[in-house]
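> Oh and the sequence shown: position 31 is 31 in UniProt numbering, straight run, nothing missing. Note that the Cβ used here is the ideal one computed from N, Cα and C, for glycine as well.
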Amino acid sequence: MASTLHHRRSANEKNIEELQDDTSRWEDLFQINTEEIRFLQKFLSSDIFEGNLPNLYEKLQDFFTEVEELKTEKMELHEQLRNHKNDLNGMMECEDISCETFYYTQHQNLTDKIERHLEKVQDLKMKIIRFSTPLLKKNNN
Numbered sequence: 001m002a003s004t005l006h007h008r009r010s011a012n013e014k015n016i017e018e019l020q021d022d023t024s025r026w027e028d029l030f031q032i033n034t035e036e037i038r039f040l041q042k043f044l045s046s047d048i049f050e051g052n053l054p055n056l057y058e059k060l061q062d063f064f065t066e067v068e069e070l071k072t073e074k075m076e077l078h079e080q081l082r083n084h085k086n087d088l089n090g091m092m093e094c095e096d097i098s099c100e101t102f103y104y105t106q107h108q109n110l111t112d113k114i115e116r117h118l119e120k121v122q123d124l125k126m127k128i129i130r131f132s133t134p135l136l137k138k139n140n141n
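1) Among Glu-17, Leu-29, Asp-21 and Glu-18, which residue has its Cα nearest to the Cα of Leu-77?
2) Which same chain residues end up closer than 7 Å to Asn-15 when comparing Cβ atoms and leaving out the 5 residues on each side of it in sequence?
3) Check Met-1 in the structure and name its three-state DSSP category.
4) Please state whether DSSP places Leu-136 in a helix, a strand or coil.
5) Evaluate Lys-74 with the Cβ neighbour count: other Cβ atoms within 10 Å of its Cβ, from every protein chain shown; 16 or more gives buried, anything less gives exposed.
6) Could you give the residue range of the alpha helix (DSSP H) that holds Glu-50?
7) I'd like the span of the alpha helix (DSSP H) that includes Asn-33, first residue to last.
8) Using the Cα positions of Gln-31 and His-107, report the straight-line distance between them to the nearest angstrom.
9) From Leu-124 to Val-67, what does the alpha carbon distance come to, in whole angstroms?
10) Per DSSP, what kind of secondary structure is Met-126 in: helix, strand or coil?
11) At the level of alpha carbons, what is the spacing between Leu-88 and Gln-20?
12) Take the Cβ of Thr-65 as the centre, count every other Cβ of all protein chains shown within 10 Å, and call the residue buried at 16 or more, exposed below.
13) Using CA atoms only, rank isn't needed, just tell me which of Glu-95, His-84 and Arg-130 is closest to Trp-26.
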């Protein structure tokens, strides 16, 4: 992930505008994530693999199940993100440090969850690519 390649500031080192920028960036990443999941579902259910391979159907079904689980997780995280975006407006009303700390902690927790989710998607994509590439049907042209 790009955020792990450079020093990442913790949520409480950021101002509210930066927190809102994070949420907008996450929205964009979730849009991409939705398309990736949709593609993986179609890919895994396509007739593009060599036939007569032992346990092929079972392995593809396992991958498909993992994709479905990630889709469900993404939908739950997306709902948390929408709620968090609304909650950030409440941060502007904070009058003490404990109030701000609550929102910063909430933001950091969501950051961690989203990054773990995106890493899981990347890992699954690589597993699918490594498994499926040698099994794709050859073009007979």
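According to the data block:
1) For the purposes of this step, residue 77 is taken as residue 77 along the sequence shown, with counting starting at 1. Looking only at Glu-17, Leu-29, Asp-21 and Glu-18, the smallest Cα-Cα distance to Leu-77 is reached by Leu-29.
2) Counting from 1 along the sequence shown, the entry for residue 15 is found at position 15. Closer than 7 Å at the Cβ level, and outside the excluded window around Asn-15, lies no residue.
3) In the sequence shown, residue 1 corresponds to position 1, counting from 1. Here Met-1 scores only 43 on pLDDT, less than 50, and its place in the model should not be relied on; the value that follows carries that caveat. Three-state DSSP puts Met-1 in coil, outside helix and strand.
4) Looking up residue 136 in the sequence shown gives position 136. The answer is strand: DSSP assigns Leu-136 an E or B state.
5) The residue you call residue 74 lines up with position 74 of the sequence shown. Within 10 angstroms of the beta-carbon of Lys-74 lie 16 or more other beta-carbons, which makes it buried.
6) Reading the sequence shown from its first residue, position 50 is the one you call residue 50. From DSSP, Glu-50 is part of no alpha helix (DSSP H); its letter is neither H nor E.
7) Working through the sequence shown from its first residue, we reach residue 33 at position 33. DSSP places Asn-33 in the uninterrupted alpha helix (DSSP H) bounded by 16-44.
8) For the purposes of this step, residue 31 is taken as the residue at position 31 of the sequence shown. For the purposes of this step, residue 107 is taken as the residue at position 107 of the sequence shown. Distance between the alpha carbons of Gln-31 and His-107 is about 20 Å.
9) Working through the sequence shown from its first residue, we reach residue 124 at position 124. Working through the sequence shown from its first residue, we reach residue 67 at position 67. Rounded to whole angstroms, Leu-124 to Val-67 spans 8 Å at the Cα level.
10) Counting from one through the sequence shown, the residue named residue 126 turns up at place 126. Looking at Met-126 - three-state DSSP - the assignment turns out to be helix.
11) For the purposes of this step, residue 88 is identified with residue 88 of the sequence shown, where counting begins at 1. For the purposes of this step, residue 20 is identified with residue 20 of the sequence shown, where counting begins at 1. Taking the straight line joining both Cα atoms gives about 7 Å.
12) Residue 65 sits at position 65 when you count from the first residue of the sequence shown. Exposed, since its Cβ has fewer than 16 Cβ neighbours within 10 Å.
13) Within the sequence shown, numbered from 1, the residue matching residue 26 stands at position 26. With distances taken between Cα atoms, Trp-26 lies closest to His-84.
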